[in-house]
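Chemist:
Chains as they are written, first to last, in this note's numbering: chain A, 125 to 584; chain B, 145 to 1159.
(1) What would DSSP say about residue 1141(B), mapped onto helix, strand or coil?
(2) Can we count residue 688(B) as close to the ligand NAP, meaning its CB is less than 7 Å from some heavy atom?
(3) Based on Cα-Cα distance, which residue from 388(A), 380(A), 274(A) lies nearest to residue 366(A)?
(4) Run through the stretch 656-685 of chain B for me and flag every whole alpha helix (DSSP H) of 4 or more residues, listed as ranges in chain order.
(5) Compare the Cα-Cα distances from residue 472(A) to each of 438(A), 331(A), 370(A), 334(A) and report the closest residue.
(6) Can you find the residues in the same chain that come closer than 6 Å, C-beta to C-beta, to residue 786(B), ignoring five residues on each side of it along the sequence?
(7) Between the stretch 891-910 of chain B and the stretch 1059-1074 of chain B, can you find at least three pairs of beta-carbon atoms closer than 8 Å?
(8) Give a yes or no on whether the minimum CB-CB distance between residue 144(A) and chain B is below 8 Å.
(9) Assign residue 459(B) to buried or exposed, taking buried as 16 or more other Cβ atoms, counted over all protein chains shown, within 10 Å of its Cβ.
(10) Taking only beta-carbon atoms, is residue 197(A) less than 8 Å away from chain B?
(11) Does residue 892(B) pass the burial test, meaning 16 or more other C-beta atoms within 10 Å, or should it be called exposed?
(12) Give, in chain order, every residue of the stretch 285-308 of chain A whose Cβ lies closer than 8 Å to some Cβ of chain B.
(13) Between residue 1042(B) and chain A, is there a C-beta pair that is closer than 8 Å?
(14) Consider the Cβ of residue 137(A): report whether some Cβ of chain B lies at a distance smaller than 8 Å.
(15) Can you name the residues that DSSP bridges to residue 366(B)?
(16) What does the alpha-carbon distance come out to for the pair residue 336(B) and residue 1135(B)?
(17) Between which two residues does the beta strand (DSSP E) carrying residue 213(B) extend?
(18) If I follow the unbroken beta strand (DSSP E) through residue 231(B), where does it start and stop?
(19) To the nearest angstrom, how far is it from the Cα of residue 625(B) to the Cα of residue 258(A)?
(20) How far does the alpha helix (DSSP H) with residue 291(A) in it reach, from first residue to last?
(21) Between the C-alpha atoms of residue 602(B) and residue 357(B), what's the straight-line distance to the nearest angstrom?
(22) On the criterion of 16 or more Cβ atoms from any shown chain inside 10 Å, does residue 869(B) qualify as buried, or is it exposed?
(23) Using a Cβ-Cβ cut-off of 7 Å (strictly less than) and excluding sequence neighbours within five positions of residue 208(B), which residues of its own chain qualify?
(24) What does the alpha-carbon distance come out to for the pair residue 215(B) and residue 294(B)?
(25) Any Cβ of chain B within less than 8 Å of the Cβ of residue 262(A)?
(26) Using a Cβ cut-off of 7 Å, which residues of the stretch 811-828 of chain B contact any Cβ in chain A, in chain order?
(27) Within a Cβ cutoff of 7 Å, which residues of the same chain sit near residue 254(A), ignoring the five residues on either side of it in sequence?
(28) In terms of alpha-carbon separation, which member of 1036(B), 718(B), 576(B) lies closest to residue 425(B)?
(29) Along the stretch 1056-1071 of chain B, where does the CB come closer than 7 Å to a CB of chain A? Name the residues.
(30) Looking only at C-alpha atoms, which of 1094(B), 816(B), 1121(B), 1043(B) sits nearest to residue 195(A)?
(31) Identify the contact partners of residue 457(A) in chain B, using a Cβ-Cβ distance below 8 Å as the criterion.
(32) Rounded to whole angstroms, how far is the Cβ of residue 743(B) from the Cβ of residue 936(B), which I believe are closer than 8 Å?
(33) Assign residue 1047(B) to one of three DSSP states: helix, strand, or coil.
(34) Are the CB atoms of residue 778(B) and residue 720(B) within a distance shorter than 8 Å?
(35) Mind checking whether residue 330(B) and residue 580(B) have CB atoms under 8 Å apart?
(36) Taking only three categories from DSSP, how would you classify residue 1068(B)?
Okay, here's the thing in structure tokens:
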């Protein structure tokens, strides 16, 4: 087989372009951490902080004055709040999928994006987690949904409530994602420690890298635990959004009470998550000059996942409609006709346009290799997925059983500012992450440098 | 849940326990322990309790935590319904109907129940004022005495202007005042005048009386624009009677057939079996036509109807719609004639010709003594438009030395209010008794504080032979004196109000009965019961004088549609009507009533111009578009509301708005930066329509013709509690065969007689996966609401609000669909080819056995009780609103803000048995759990089980139609058990398997074959 060993793969294209050595990789990825921040970074960070400030003012005002500062009413008890919540949770799905499932499937291309995607997951879940708390009438009592030993006699939480399941699901997801992300970060923290020039930085990274020594046994243990965590995180990818969908599926409201919701939500979540990863990565590769690491190949791979999950989402839309019409349930039938033709039809058609039509452009390789086009399409998908949640949650509520209690909904300034604020929080956290931690897993990328270039296709 | 009634312990029932000698060690330790614990607890108090001073000497009757009830007479309008006033800790907190009262029979309208809130209105006048300066009564009496002497010497007159419904005491006081000052006249002014009704009877029967109508005895009711279920004469009594005469049950199926002829959709019209929609000026022609046909049918009519000059169908033609209506008259006449003595024609038009024709039809039917009681007239109504006009002339001529105005506000609500205010200045002295510094009072020389009906002694005789006492339930907040007391004082007699009424009763009421020989016994019994039944004073009317009919003003009778009066002519007509809540505007200061959704339009906090859907389309006007209404004299801009069932040529607008001082409501509702104030500062709630009314032939008419309407292009927010008004889903969204939702199930009497299941939608078998977790071994509370009986009057809505401390939230919040009322009445229109039918459906928490709200609450803030109640635990609620989202009936209510419950004084009305909810928590109907507890505890104290009907939620208690039945399903003999098994029983959304504990009885309409339902 010696001859084979000399052959370069023709099946696999290199994952990292440019002829980079290990040192170069370390330097390039650590550059944003070690150089002064660029003006672009400062400007975007300032913009993110401004958005965050707007959101904080809005939330502060709402906490002080009352939830009535939102556009909700007796009939529509949830709208922007839970839409945003489900939207952010959905965004958070790509990270774990990329880092855990693709890891288990041995998809090497994940190494360029997994760190950022996981960070994105954490920040998105943070944003998501805010909404169930601030949407409460008395958020200062939010801890009551946690079952903890208390002095209130036999009073306990209601384990039949999907909101309690949510709390567990999201709590678990966040914890596992955080640990997974952190474990993956340890070798890189050690790299930063070794390169650190200031004492504080060295002390901090030294502490957080647990005295990493880069020995074979350390690597062995590291890879074992990483594999285990990947296994642990995998079911969570499915469980979180399934449970979130139960908030609606277990109810009695037409448009919510649908058994298809769990797979539909999971597919939608992956779909929106990848769209968001693309949006962020396309900016990152441009601003931080990571074009060699996040190549058109990566973009293409993610685009293909978007086509696949977008197809699932489209199928779900069609199935949902078909089942409603086929069900013989008049309320259900009305609900769906109302979505498509009722007063909020514009929202429905934005959803269909962005989630069903837009991904179809990605079939074309030309489009997939046009970074600007992919960027625009990914943004549109994000918009579409936000509207999907709005359509399911809000439109269903506005027209339910009794025509006398039908109501309309429109958001207030406070709600819009809160949504803007959640984006501000997300971007601010992401920008800080870009400034202080390696955006790309240095250790893992080094492992795939030879992919498609070296003997055996670089698969060692 | 605080227990309203303390359970007496054995010790308390026993004779006084043996006195303890000395203070032993155990007692010391106990006392010390309590003191310590008390100190600690007091330290835990959040805010300092200020001025919470215990009684030094506990007043008799007042036991903390226990309600005291006083029987009295409602002062909300002149109907004089019997009420019971619930006092807690010395203050009235609720008014309920007196079940023993022979007229109102336990029900009470929304307005009457809301009167308790106006008692605590901090803007009420407290002290007498002379020329704007606060003065003592002595000074007032001196000034007035001097003026009276001067008036008498100057041979000028004294006029006393009051509203209708003055009782024996006031009348006696006026009489003795007249004796002292000879040129004194008592003028009765009623803004919602039925003077023509009385005058017509004077002409036809020789006595100026308003008959007592008996809707319970009628089998055919034809109402010409009389909103007798809403605002006409005595709506509570009429609603109760109407219901009694409309039961589709029993072998006789004695359900009356009700035809309403009107131009707008009134509450009464919304309940009618058939509506004929005509212009208001067609009424007289139609009445003439009906009289003609009835005369022909019965053959008993006066000969005059046979003569060619008589009113006949021809006289009514003129407008095409009247032509259509005219074609229905023979059928109507046949039905009335067939009903004979059980036929009844009522007419709400304030015109002598209409009223005389209506009286003549009643006479031809021979219904005197059956459905029209002439010998027992409605003695409370002595409205006199002519005398009011004369007074205006006298004032203008300057012949009046002193004018006393009591409890009426002519400057605001008289069509010539502006003239009135100018003329008032020409009187030597004007003395106005008013609760607020209103439009009339501000022009007065002396303003005297008028007591609230809950703080005054008074009496009334709503119907001849039923006399009732009004007793104070609290000491007056202000320094007020009753009219009788004042009049007596000004004649030099110092008598307290209670003494005055006792004296009047001793001389005028006591002799009219034989049951009691002793006045004290009679008086005490009357005060205790709130009323007494005595012999009516003979009305002394003669038989019907048919010669009156041809003498009716020709223009008023003939050719009504073609230029006989100013009402005709091109363009639109405008019709002014009183609302169920505010009436003529006398309750405009009451926020509960301002926020009570109109029973028909469901709009709050505003008046508006109702236009028909067709007219709306023609003028390109949608709900909220401001239209300009020009009469040639007045120009007014009002937002439009599209009203099905409205005549295409008629714009109708509510009276009672635009009251001075209603700018106070600018602060109602939460304050935040996107909030829109309920009233713009400096503006009033709505616009005053009174000046638009016309005086036609001495009578204040409710309509005016020759009105032009144009679009202004501006929009004004209309706050309505409903945005979709039909059981049919919008056409373009409707799935096939599911256009109409089976929420209200209805049928016709004929179909129901044939098959008891008529009108019921087929239900499929509900398969339940629920464990049988609720066993309900003790009680199982259940409610049923009879949609045939419910008129939509909204009494229950206010009853619930008063009982359960529900705050008003303001126009903006209602606009945002955040009203807080636990009980709402859904109103659905069904537009059919031949007209609009209306269904009213009270909707409240359905207390589902498998409650969708309970499973989804993460913190168990809503749970099921072992008696079938769906309970909301306020202090556990964190406010996720998931329960409300998952409620199929959307009956849960959320505290979006910390809603204000009024100022310090306004909060005195709060029911101490019900928690006041803070912001961020969910609330909803509790089936009045505090009343259930009270009933259970009372039964326990008395060592018995709860009796059926003993426990009654506020809504059931208040319902004049007794449409609501509440009780224990575990008691097989209870009314609710019978109702549950009734063939008409159904539950809304039964098919989704939530097992509601509230059911409805199908709506049955009495639609004889061959009937059309016009426009």
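Note that CB positions come from ideal geometry on N, CA and C, so glycine has one too.
Modeler: Per the coordinate set shown:
(1) coil
(2) No copy of the ligand NAP appears in this structure; indeed no ligand is present at all.
(3) Looking at 388(A), 380(A), 274(A), the one whose alpha-carbon comes closest to that of residue 366(A) is 388(A).
(4) 663-673
(5) 438(A)
(6) 757, 760, 767
(7) The way I'd put it, the stretch 1059-1074 of chain B doesn't touch the stretch 891-910 of chain B; fewer than three beta-carbon pairs between them come closer than 8 Å.
(8) Taking Cβ atoms only, chain B never reaches closer than 8 Å to residue 144(A), which makes this a no.
(9) Any reading at residue 459(B) must be qualified, since the residue scores a pLDDT of 47, below 50, and its modelled position is unreliable; no value is offered.
(10) yes
(11) Answer is buried; the Cβ neighbour count reaches 16.
(12) 285, 286, 287, 288, 291
(13) yes
(14) no
(15) Note: residue 366(B) is bridge-paired with 403(B), 489(B) in the DSSP secondary-structure output.
(16) Cα to Cα, residue 336(B) sits roughly 47 Å from residue 1135(B).
(17) 211-217
(18) 226-232
(19) 55 Å
(20) 286-319
(21) Taking the straight line from one Cα to the other gives about 25 Å.
(22) Buried, by the Cβ-count rule.
(23) 233
(24) Straight-line Cα distance between these residues: approximately 43 Å.
(25) True, the Cβ-Cβ gap to chain B drops below 8 Å.
(26) 814, 816, 818
(27) 546
(28) 718(B)
(29) 1063, 1064, 1065
(30) It is 816(B).
(31) 879, 882
(32) 5 Å
(33) coil
(34) no
(35) Not in contact: residue 330(B) and residue 580(B) (Cβ atoms no closer than 8 Å).
(36) coil
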